[in-house]
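Visitor: For what it's worth, numbering that gives the first Met the number 0 labels the leading residue of the sequence shown as 0, then goes sequentially. For every residue, glycine included, the Cβ atom is placed at its ideal position computed from N, Cα and C. Source: prediction; values computed, not measured.
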Amino acid sequence: MAMFKNTNISFESKNGDTVIGTEAYFQGTLTAKGSLRVDGRIDGSIVDAKIVTVGKSGKVKGDISCEICYVSGEVKGNVTALDHIEALAGSRVDGDIRAPRIMLEEGAIFNGNCSMDPSRKAPDAQQPQTKNQKTEAKQQ
């Protein structure tokens with residue numbers, strides 16, 4: 000089993016993809032500027048990733064902060080996504096999830112609080128938000 004023990008490490012490959020393989024273990028804060036796939040184990044936080052995919056054999060014990068998160072394995076910690084979170088059939092999430100869009104497939108296990116706050120979504124360049132839209136969103 001590969002093992003990394005460092006409190007803060009940043010990974011960025013040429014194509015922006017990082018993979019923690021099935022036999023890999025990482026402990027600490029992982030900053031991945033592109034996409035991250037976890038098929039192994041991470042004990043610590045994942046920050047700044049564009050897309051985080053926790054594969055069926057993947058286990059994350061810590062918080063995840065990203066744009067999009069797909070969970071097929073296990074997450075024990077809070078997940079915050081700027082766009083959306085998907086917990087697929089057979090996955091398990093023990094912690095709070097927060098994103099403008101959340102999807103839980105039948106067969107996914109979720110234990111925690113759920114918050115869908117559309118104002119947390121990253122601004123869309125094609126549809127700038129006006130003051131009136133912000134006011135209406137708060138009133139609903």
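(1) If I'm right that Ile101 touches His83 with Cβ under 8 Å, what's the distance once you round it to whole angstroms?
(2) Assuming Leu103 and Ala86 make a contact with CB atoms under 8 Å, what is their CB distance in whole Å?
(3) From the DSSP output, which residues share a beta bridge with Asn110?
(4) Does the distance from the CB of Ile19 to the CB of Gly39 come in under 8 Å?
(5) Please tell me whether Arg97 and Ile108 are closer than 8 Å, where the distance is taken between their beta carbons.
(6) Closest to Gly27 by C-alpha separation, out of Ser56, Gly94, Thr17 and Asp42, would be which residue?
(7) Determine the direct distance from the alpha carbon of Glu22 to that of Cys113, and round the result to whole angstroms.
(8) Considering Cα atoms alone, identify which of Met115, Asp116 and Val78 is closest to Ile50.
Guide: Judging by the given coordinates:
(1) 7 Å
(2) 5 Å
(3) Asp93
(4) yes
(5) no
(6) Asp42
(7) 32 Å
(8) Val78
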